[in-house]
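Asker: Here it is, the structure in full.
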Amino acid sequence: MQVEKGNKTFVGYEYKKITVNKNAVSMYLDCYKNFGWFIDENVADESGKSQISIQMKRDRKLINRVELTRLQKHFEACANEIETLEKSKTSTAAVCALIVGVIGTVFMAGSTFAVTHEPPVIWLCAVLAVPGFAGWVLPYFLYHFMIRKRTKKVFPIIEAKREEIYEICEKGHSLL
331 MQVEKGNKTF VGYEYKKITV NKNAVSMYLD CYKNFGWFID ENVADESGKS QISIQMKRDR
391 KLINRVELTR LQKHFEACAN EIETLEKSKT STAAVCALIV GVIGTVFMAG STFAVTHEPP
451 VIWLCAVLAV PGFAGWVLPY FLYHFMIRKR TKKVFPIIEA KREEIYEICE KGHSLL
């Protein structure tokens, strides 16, 4: 809604606040511009360790606002899927590495109890120490192996979602 009064033009805005990972800020800002949003210069950005909150605004009387909002929701769904896929690279690997580490610790505890038993059971101590040490060393390699494997699996999916986002943004840009 633009109203002329002297030299000043009134524009009614709608506002949106987004919180995104710092490494994805540029992509989000570039994409939201295609739906009519721009950074609200009147509000300071809130920054955390790994995320940043950005206040944006756009003209309430924007032509094709309904279609732009629909495209924006589709973009947000795709962006959330990408974020979930990125997190999935490390989450399963971390859980598996922790489980193997805990199992290794249980074997080491058994080894310790075997050697401190009266009389000491040295042969049991040695038998339990081998998988115990393996359980402490193996998680590092397991973690990195699983990340590489998962990355190979999700990379094409993430790239397809990025292509979908760029097509959505192109449609949004053409409506502005």
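Residues in the sequence shown are numbered from 331 upward in steps of one, following the working numbering. C-beta: ideal position from N, C-alpha, C; glycine also. Please read all numbers here as calculations on a predicted model, not as lab measurements.
DSSP three-state label for SER383, please.
Answerer: Counted from its first residue, the sequence shown places residue 383 at position 53. Note: SER383 maps to strand in three-state DSSP.
Asker: Given a cut-off of 8 Å on the beta-carbon distance, is the pair THR399 and MET476 in contact?
Answerer: Here residue 399 refers to the residue found at position 69 of the sequence shown. Here residue 476 refers to the residue found at position 146 of the sequence shown. Not a contact, by the Cβ cut-off of 8 Å.
Asker: Restricting to Cα atoms, I'd like to know which of GLN385, ALA374 and SER380 is closest to TRP367.
Answerer: For this step, residue 367 is matched to residue 37 along the sequence shown. Measuring from the Cα of TRP367, the nearest candidate turns out to be GLN385.
Asker: Taking all protein chains shown into account, decide if LEU401 is buried (16 or more other Cβ within 10 angstroms of its Cβ) or exposed.
Answerer: Here residue 401 is taken as the residue at index 71 of the sequence shown, counted from 1. So LEU401 counts as buried.
Asker: Looking at the structure shown, is VAL373 part of a helix, part of a strand, or coil, going by DSSP?
Answerer: Translated into positions along the sequence shown, residue 373 becomes position 43. Correct three-state label for VAL373: coil.
Asker: Which whole-angstrom value describes the C-beta separation of VAL425 and LEU468, a residue pair presumed to lie in contact below a C-beta threshold of 8 Å?
Answerer: Residue numbering aside, residue 425 sits at position 95 when the sequence shown is read from its first letter. Residue numbering aside, residue 468 sits at position 138 when the sequence shown is read from its first letter. Not a contact, Cβ separation roughly 14 Å.
Asker: Between which two residues does the beta strand (DSSP E) harbouring ILE348 extend?
Answerer: Translated into the one-based positions of the sequence shown, residue 348 becomes position 18. Start and end: 343-351.
Asker: Distance, Cα to Cα, LEU472 vs GLY440?
Answerer: Along the sequence shown, read from residue 1 onward, the residue named residue 472 stands at position 142. Along the sequence shown, read from residue 1 onward, the residue named residue 440 stands at position 110. Their backbone Cα atoms lie some 23 Å apart in a straight line.
Asker: I need the straight-line Cα distance from ASP539 to LYS387, nearest angstrom please.
Answerer: Nothing in the structure corresponds to residue 539, since the chain is present only between 331 and 506.
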